[in-house]
Amino acid sequence: METNELVHLGTEELEARRFSSALRYLQAAMEQQRTPEHVSLYALALAQATGNVKTAVVLCQEAIKREPRNSEHFLRLGTVYLVAGRKKEAIRTLNLGLRVGKNPAIMKLLQTLGHRESPVIPFLSRGNPFNKYLGKIRNSLFKK
């Protein structure tokens with residue numbers, strides 16, 4: 091099968107959330123031609139299908155190093171971090187991706203993740219009871 095066809099089928103499988111078949115297609119495409127696009131797509135499928143986040147992160151970072159102006163790689167790395175339950179790193183990576191280019195998928199994902207306000211008393215931890223209750227009061231008074 092041709093590389094472009096493999097990538098197309100793998101991408102469709104990813105979107106349909108059939109991760110193991112996406113992994114097979116994208117692995118075959120990457121073996122034929124190791125472009126940054128193929129590497130980051132494969133990394134996303136790898137994380138989703140097997141939970142092998144460590145390898146997926148390394149592969150996404152390789153794609154970003156080779157193509158630092160492509161926000162899609164940042165989107166995929168951020169998604170890999172979310173699969174791993176590392177929300178803080180995911181948000182940081184997605185924000186870096188927005189600096190590279192206005193990507194609607196990144197903006198939508200960040201919107202679904204939500205935005206946390208800074209603590210009311212900045213020198214106290216977010217979990218401090220004063221900050222928790224003052225934050226609740228602030229939110230009830232200044233709802234958008």
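Reminder that position 72 of the sequence shown reads as 162 in the numbering used here, one-by-one numbering, no gaps. Note that beta-carbon positions come from the ideal geometry of N, C-alpha and C, so glycine has one too.
Beta-carbon spacing of residue i, residue j below 7 Å
i	j	result
residue 126	residue 153	yes
residue 135	residue 116	yes
residue 210	residue 224	yes
Straight-line Cα distance separating residue j from residue i
i	j	result
residue 208	residue 184	19 Å
residue 170	residue 137	6 Å
residue 121	residue 222	51 Å
residue 160	residue 93	20 Å
residue 173	residue 142	10 Å
residue 217	residue 229	16 Å
residue 162	residue 178	19 Å
residue 104	residue 206	30 Å
residue 102	residue 108	9 Å
residue 226	residue 151	38 Å
Residues near residue i by beta carbon distance below 6 Å, same chain, minus five either side
i	result
residue 118	96
residue 149	129 and 133
residue 182	none
Buried or exposed by the 16-neighbour rule on C-beta atoms within 10 Å, applied to residue i
i	result
residue 196	buried
residue 305	Coverage of the chain is limited to positions 91 through 234, which leaves residue 305 absent and any answer about it impossible.
residue 106	exposed
residue 113	buried
7 Å CB neighbourhood of residue i in its chain, flanking five on each side removed
i	result
residue 110	139
residue 214	220 and 221
residue 123	93
Nearest-angstrom Cβ-Cβ length linking residue i and residue j, presumed shorter than 8 Å
i	j	result
residue 191	residue 180	Rounded, the Cβ-Cβ distance is 18 Å, inconsistent with contact.
residue 236	residue 165	Residue 236 lies beyond the range of the chain shown here (91 to 234); nothing can be said about it.
residue 100	residue 131	6 Å
Chain-order list of residues whose beta-carbon lies under 8 Å from that of residue i (same chain, five-residue window excluded)
i	result
residue 158	190
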